[in-house]
């Protein structure tokens with residue numbers, strides 16, 4: 001356990017290092033898509049520039065300083081993932097990093113226990129934009145786009161706004177063969193591919209493309225960077241094991257990422273039986289009950305043959321709403337779930353795993 005004095009020292013050292021390095025600092029934040037966007041942008045920039053990226057998702061008041069202290073110092077660009085879990089955290093992260101380029105992927109329901117409402121989340125996220133920020137990349141499809149633009153102009157009246165800009169996007173095809181998949185799309189007359197499930201990831205790729213073009217990169221370099229992106233396990237990961245096709249999205253749990261998961265499954269157009277394992281979402285505060293009720297309802301509408309629900313939050317909804325359909329299975333904890341789940345498996349069933357880091361649902365893969 002790090003003491004407050006050690007944490008403060010880490011933050012001070014990170015700030016000291018930032019002031020003595022010359023690389024361009026890029027901060028990526030948002031309620032969803034931070035890590036995936038970071039990986040894509042890093043891969044793209046690396047085709048032309050010496051680039052550093054946050055390892056894993058070290059993005060907090062402890063994680064960001066640790067990420068900064070790992071740099072060599074001779075990079076041309078450094079891509080940092082920045083996240084918040086409490087009010088005021090972004091003030092600290094912004095002071096440490098002083099980013100010159102900021103990307104905000106979206107604003108949606110996450111960490112609601114701390115922020116209570118979406119406006120508060122948008123306000124907190126916008127604090128990453130400071131007087132040093134010269135370029136702000138924003139998703140114009142998000143409801144808070146105009147608000148974030150205004151916040152950026154307040155922080156720096158001369159900031160350049162770069163939009164995701166979907167007007168010239170044409171999604172050509174989605175292919176899924178032998179457990180491998182790709183999205184092919186045309187953007188501004190050039191063909192691109194990403195090997196990651198989920199149309200929302202194309203949208204984040206568009207943000208990366210436009211920033212890279214603004215920074216002077218060629219379409220060929222960008223295309224190669226996207227194709228070579230190494231995505232993290234547990235994030236829309238498709239795999240096969242012992243005859244089962246598995247969609248493992250166990251790394252991040254909130255309603256926005258669940259709805260993105262829903263679209264992924266529709267794209268896959270699975271004809272076999274479908275099972276889903278849902279772990280409870282955390283840090284929702286007063287929104288916990290409604291969110292978990294909505295999760296159950298959405299899962300039912302997706303026509304899963306069996307729905308396995310793990311966590312006290314789901315049990316609360318079951319008891320209050322009398323949701324006891326025969327395809328709904330409730331468990332208070334993982335250990336009570338796993339044996340029942342294994343006995344319920346059928347040949348060639350499609351398995352979806354979705355939860356927050358708290359659940360550690362990736363453990364299921366060790367049993368299958």
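Numbering (UniProt numbering), first residue to last: 1 to 368.
Quick reminder that beta carbons are idealized off the backbone N, C-alpha and C, glycines included.
Quick caveat, the model's predicted, so the values are computed rather than measured.
inquiry  = Could you tell me the alpha carbon to alpha carbon distance between residue 239 and residue 261, rounded to whole angstroms?
reply    = Cα to Cα, residue 239 sits roughly 15 Å from residue 261.
task = Output yes or no for whether 8 Å exceeds the beta carbon distance between residue 81 and residue 134.
result = Between residue 81 and residue 134, the C-beta gap is not smaller than 8 Å, which leaves the two residues out of contact.
key: CB of residue 307 within 8 Å of CB of residue 327, strictly   = The answer is yes: Cβ separation under 8 Å.
query = Taking the C-alpha atoms as reference points, what is the distance between residue 55 and residue 275?
reply = Counting only the Cα atoms, residue 275 lies some 32 Å from residue 55.
task = Tell whether a beta-carbon distance below 8 Å holds between residue 29 and residue 104.
result = Contact: yes.
query = Is the beta carbon of residue 126 less than 8 Å from the beta carbon of residue 151?
reply = In this structure, residue 151 lies closer than 8 Å to residue 126 by Cβ.
key: With 16 other Cβ atoms within 10 Å as the buried cut-off, status of residue 159   = Result: buried.
request  = Quick one: using the 10 Å Cβ neighbour count with 16 as the cut-off for buried, is residue 360 buried or exposed?
outcome  = Exposed, because fewer than 16 other Cβ atoms sit within 10 Å of the Cβ of residue 360.
inquiry  = Let me check one thing: in DSSP terms, what residues is residue 175 bridge-paired to?
reply    = Partner(s): 182.
key: Every unbroken beta strand (DSSP E) inside the region 75-128 [3 residues or more]   = For secondary structure counted as the beta strand (DSSP E) over 3 or more consecutive residues, the region 75-128 holds these complete runs in sequence order: 77-81 and 101-104.
message = Distance check for residue 182 and residue 196, CA to CA, integer angstroms please.
response = In this structure, the alpha-carbon of residue 196 lies about 6 Å from that of residue 182.
task = Give me the Cβ distance between residue 237 and residue 252, rounded to the nearest whole Å; I'm assuming they're in contact under 8 Å.
result = Rounded, the Cβ-Cβ distance is 12 Å, inconsistent with contact.
ask   = In this structure, does DSSP put residue 321 in helix, strand or coil?
value = Helix at residue 321.
request  = Locate the beta strand (DSSP E) running through residue 310, then write down its first and last residues.
outcome  = That run of the beta strand (DSSP E) goes 306-310.
The alpha helix (DSSP H) enclosing residue 203, as first and last residue numbers = Going by DSSP, residue 203 is part of the alpha helix (DSSP H) stretching over 199-214.
request  = Output the distance between the C-alpha atoms of residue 143 and residue 107, rounded to the nearest integer angstrom.
outcome  = Between the alpha carbons of residue 143 and residue 107 lies a gap of roughly 8 Å.
Residue 49 versus residue 192 - alpha carbon distance = The straight-line gap from Cα to Cα measures roughly 20 Å.
ask   = Grouping DSSP H, G and I as helix and E and B as strand, with all else coil, what is residue 193?
value = Three-state DSSP puts residue 193 in a strand.
task = Write down every uninterrupted run of the beta strand (DSSP E) in the UniProt domain "Mur ligase C-terminal" (234-357) whose length is 3 residues or greater and which is fully enclosed by it, in chain order.
result = Runs found: 237-241, 244-249, 274-279, 306-310, 328-331 and 350-354.
ask   = To the nearest angstrom, how far is it from the Cα of residue 130 to the Cα of residue 355?
value = Distance between the alpha carbons of residue 130 and residue 355: 34 Å.
ask   = Which residues mark the beginning and the end of the alpha helix (DSSP H) in which residue 136 is found?
value = From DSSP, residue 136 is part of no alpha helix (DSSP H) but of the beta strand (DSSP E) over 135-138.
ask   = For residue 86, which of 124, 32 and 68 has the nearest alpha-carbon?
value = Comparing Cα-Cα distances from residue 86 to each of 124, 32 and 68, the minimum goes to 124.
message = Quick check: residue 64 and residue 96, are their CB atoms within less than 8 Å of each other?
response = The answer is yes: Cβ separation under 8 Å.
request  = Give me the Cα-Cα distance between residue 347 and residue 301, rounded to the nearest whole angstrom.
outcome  = Answer to the nearest angstrom: the Cα atoms are 23 Å apart.
ask   = Closest by CA to residue 317, which one among 332, 165 and 136?
value = Among 332, 165 and 136, the Cα nearest to that of residue 317 is on 332.
ask   = For residue 212, does the count of other Cβ atoms within 10 angstroms reach 16, so buried, or fall short, so exposed?
value = Burial call: buried.
request  = Go ahead and pull the three-state DSSP assignment for residue 368.
outcome  = If DSSP states are grouped into helix, strand and coil, residue 368 belongs with coil.
key: Inter-residue spacing [alpha-carbon to alpha-carbon] between residue 257 and residue 46   = Computed Cα separation, rounded: 28 Å.
request  = Along the alpha helix (DSSP H) that carries residue 152, what are the first and last residues, could you check?
outcome  = First-last of the alpha helix (DSSP H) with residue 152: 145-155.
key: Residue of 338, 68, 167 and 343 minimising C-alpha distance to residue 363   = Relative to residue 363, the option among 338, 68, 167 and 343 whose CA is nearest is 338.
ask   = Whose C-beta lies closer than 7 Å to the C-beta of residue 128 among residues of the same chain, with five residues either side of it excluded?
value = Once the five neighbours on either side are set aside, the close Cβ partners of residue 128 are 27, 29, 82, 90, 93, 94, 99 and 102.
inquiry  = Less than 8 Å between the beta carbons of residue 255 and residue 109, yes or no?
reply    = At the C-beta level, residue 255 and residue 109 come within 8 Å of one another.
message = Quick check on DSSP: helix, strand or coil for residue 227?
response = Assignment of residue 227 by DSSP, reduced to helix, strand and coil, places it in the helix class.
query = Is the CB-CB distance between residue 132 and residue 162 below 8 Å?
reply = Cβ atoms of residue 132 and residue 162: not closer than 8 Å.
Where residue 168 sits in the DSSP three-state scheme = Collapsing the DSSP output to three states places residue 168 in coil.
task = Please report the residue range of the beta strand (DSSP E) in which residue 160 lies.
result = That run of the beta strand (DSSP E) goes 160-163.
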